[in-house]
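Peer 1: So the sequence shown is numbered by my numbering: it starts at 95 and just counts up by one.
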Amino acid sequence: MIKRIEQLRALMKKEAIDAYLVTSPANLRYLTNFTGTAGLAFITLDKAFFVTDFRYTEQANEQVQAMTILQQQGDIISEILQLTKKEKVSVLGFEDMFMTYAEYSVFEEVIDAELAPASGLIEQLREQKDAGEIAIIEKACAIADEGFEYILKMIRPGMTEIEVANQLDFFMRSLGATGTSFDTIVASGTRSALPHGVASEKRIEQGDLITLDFGCVYQGYVSDITRTFAIGDPGQQLKDIYQIVLAAQQKVIETAQAGISGAQLDAVARDFIAESGYGEAFGHSTGHGIGMEIHEGPNISRSNERLLDVGNVITDEPGIYLAGLGGVRIEDDLVILADGNRVLTQSPKELIIL
């Protein structure tokens, strides 16, 4: 945690910020290891404070390292005001994406320092995972892989999509997951053409193609995997589309490495799908970063010219979606290396027909 605080201070100096107020739950956990729901960090160039209330003081003392723990005595604004005065802060950076207009209005009125919107500083640090973080994400991926194997054994016609999702979610929790990365997507039949077709009351039928997009939270980090499979023969067109998506997804794996931009990597999948005649049926980005949150940088999209770096963990998830027929998406999680990548999700990707 000390290293992360020092890295943040280096960014603060670049932004000419005397102190930085951290309120994002994910950023707080990244910087402090605190897992409670009430707290903030106040970081200066030479000191670090963690403020929480009576309910979480003991927990903070156990979890938070390299910071002075302060128990909130009055309202939180007063605590920040006191720290700002005590530390003689002239420019206070804050996470504007995690502050309401009402909160900002109060801050502006009472804080005797220049307020500098500065969201994104810690997010920059979070993009590059260390070995410990990658190991945790890999475990989250392993739990998801076991979940997919379990679902293939128990799914059958007549079950609702919600029943499938519930059984999968419970199974992953039984393996140590503390939650799901997002609402599990189970989209069967023509609903598989919905990129984010969250599980519904629809019953699974013979001949359905099923898109299963899911993941779990393990020790604060997430996994994100998609597999598409069939209950009975889904028809030739969908089988052909499956092979196109699989080839596009594999091309991304063959290309991804440090030094390639998100836009370049996106084009690898997008151009192949377009050349195969389905360009208009692939409307979302090829991938995104994952870590403590399900969507974080770097984005694998047409608009992201930033270069990938060693330690980025990204998804690779091209898809084709045809309304009234169905859709296919295949997704893996990759950790970026200097000369390539390593695939963290290991579930089989050949078309499985049960």
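Even glycine gets a Cβ: it sits at the ideal position worked out from N, Cα and C.
Looking at residue 434 and residue 351, is the spacing between their C-beta atoms short of 8 Å?
Peer 2: Cβ atoms of residue 351 and residue 434: closer than 8 Å.
Peer 1: Quick check on the burial criterion: 16 or more other C-beta atoms within 10 angstroms. Buried or exposed for residue 285?
Peer 2: Buried, since its Cβ has 16 or more Cβ neighbours within 10 Å.
Peer 1: Closer than 7 Å: is that where the CB of residue 273 sits relative to any heavy atom of the ligand PLP?
Peer 2: In the structure shown, the ligand PLP is absent, as is every other ligand, since no ligand is present at all.
Peer 1: If you run the structure through DSSP and keep just helix, strand and coil, what is residue 398?
Peer 2: The answer is coil: DSSP assigns residue 398 none of H, G, I, E or B.
Peer 1: Confirm, please, whether the CB-CB distance from residue 406 to residue 221 is below 8 Å.
Peer 2: The answer is yes: Cβ separation under 8 Å.
Peer 1: Please tell me whether residue 447 and residue 324 are closer than 8 Å, where the distance is taken between their beta carbons.
Peer 2: Taking 8 Å as the Cβ cut-off, residue 447 and residue 324 qualify as a contacting pair.
Peer 1: DSSP three-state label for residue 354, please.
Peer 2: Of the three classes helix, strand and coil, the one that applies to residue 354 here is coil, per DSSP.
Peer 1: Around the Cβ of residue 401, are there at least 16 other Cβ atoms within 10 angstroms (buried) or fewer (exposed)?
Peer 2: Burial call: exposed.
Peer 1: State buried or exposed for residue 136, treating a residue as buried only when at least 16 other CB atoms are found within 10 Å of its CB.
Peer 2: Its Cβ being crowded by 16 or more others within 10 Å, residue 136 is buried.
Peer 1: If we call anything under 8 Å between Cβ atoms a contact, is residue 394 one with residue 413?
Peer 2: Going by C-beta atoms, residue 394 is not nearer than 8 Å to residue 413.
Peer 1: Is it buried or exposed, residue 206, if we count other Cβ atoms within 10 angstroms and call 16 or more buried?
Peer 2: Residue 206 is exposed by the Cβ-count criterion.
Peer 1: Give me the residue from 196, 111, 142, 300 with the minimum Cα distance to residue 184.
Peer 2: Cα-wise, what sits closest to residue 184 is 111.
Peer 1: Please report how far the alpha carbon of residue 347 lies from the alpha carbon of residue 438, in whole angstroms.
Peer 2: Between residue 347 and residue 438, the C-alpha separation is close to 11 Å.
Peer 1: Measuring straight from C-alpha to C-alpha, what distance separates residue 409 and residue 182?
Peer 2: The straight-line gap from Cα to Cα measures roughly 44 Å.
Peer 1: When the Cα atoms are used, what is the spatial distance from residue 118 to residue 330?
Peer 2: Between residue 118 and residue 330, the C-alpha separation is close to 48 Å.
Peer 1: Taking the beta carbon of residue 432 as the centre, do at least 16 other beta carbons fall within 10 Å, making it buried, or is it exposed?
Peer 2: That one is exposed.
Peer 1: Let me know the secondary structure DSSP gives residue 282 once reduced to three states.
Peer 2: In the structure shown, residue 282 sits in a strand (DSSP, three-state: E or B).
Peer 1: Go ahead and pull the three-state DSSP assignment for residue 102.
Peer 2: Residue 102 falls in the helix class under three-state DSSP.
Peer 1: State the start and end residues of the unbroken beta strand (DSSP E) segment that holds residue 211.
Peer 2: Here the beta strand (DSSP E) through residue 211 covers 208 to 211.
Peer 1: Determine the direct distance from the alpha carbon of residue 138 to that of residue 180, and round the result to whole angstroms.
Peer 2: Going by the C-alpha atoms only, they are around 11 Å apart.
Peer 1: If you count every other CB in all the chains shown that lies within 10 Å of the CB of residue 264, and 16 or more means buried, which is it?
Peer 2: So residue 264 counts as exposed.
Peer 1: Considering Cα atoms alone, identify which of 245, 162, 270, 115 is closest to residue 260.
Peer 2: Taking only the C-alpha atoms, the option nearest residue 260 is 245.
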